[in-house]
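For reference, the structure discussed in these notes is given below.
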Amino acid sequence: MSPLSDSIRQPLVLIIALSITLNVTLWLLVFLLFPTSDAAVLHYSIGIGIDFIGSTRQIYLLPAIGLIVLFGNTLLGITIKNTDIRSAWLLWSIIPPVHLILLGSFFLIWWINQ
């Protein structure tokens, strides 16, 4: 596998740095803002109201999913960059929006549990 060229490396480093920052922020928010009680509201429906109560440990899945997407898409993109650069960029560029969606999900769950 050839090393990454500068035209790929610089934007990729920016994307990964942004994604790592968002993921660390999500981990910190989960540890600092979420209550340490045994049960938490994990899903709320407008028509029904609270329809899923689970363990607060399940909140840790949000930043864990972010880490999986970060590592998986980064490694898969690096692996396929020589055969299909557009697919590699698609994998890489989707990482920050996934983290933003996870952050939004966390804030909604946190707001419901207030």
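The numbers in the numbering used here rise by one with no breaks, and the one at position 67 of the sequence shown is 67.
Heads up, the beta-carbon is just placed ideally off N, CA and C, and yes, glycines get one too.
All values derive from a computational prediction rather than experimental measurement.
Whole-angstrom C-beta distance between residue j and residue i, which should lie under 8 Å
i	j	result
L67	N23	6 Å
I15	W92	5 Å
S105	L61	Actually they are not in contact, since the Cβ atoms of S105 and L61 sit about 10 Å apart, beyond 8 Å.
I53	Y44	10 Å between Cβ atoms; not a contact.
Residue i versus the options, residue with shortest Cα-Cα distance
i	options	result
L102	L29, I50, P11 and S55	L29
I8	Q114, I85 and A17	I85
A64	S93, T25, I80 and H43	T25
D38	L75, S55 and W27	S55
Cβ-based neighbour list, residue i, same chain, cut-off 6 Å, excluding 5 preceding and 5 following
i	result
S19	L70, I95, P96 and H99
V13	none
Range of the contiguous alpha helix (DSSP H) that encloses residue i
i	result
I109	I95 to I112
Sequence-distant residues of its chain with Cβ nearer than 7 Å to residue i (five each side left out)
i	result
S87	I80
Q114	none
Proximity test, residue i beta-carbon vs the ligand COA heavy atom, cut-off 6 Å
i	result
I65	Inclusion of the ligand COA in the displayed structure is not the case, the ligand content being empty and no account of it being possible.
Own chain residues within Cβ distance below 8 Å of residue i, not counting five before or after
i	result
Q58	A40 and L42
Which whole runs of the alpha helix (DSSP H) in the stretch 20-82 are 4 residues long or more, in chain order?
61-80
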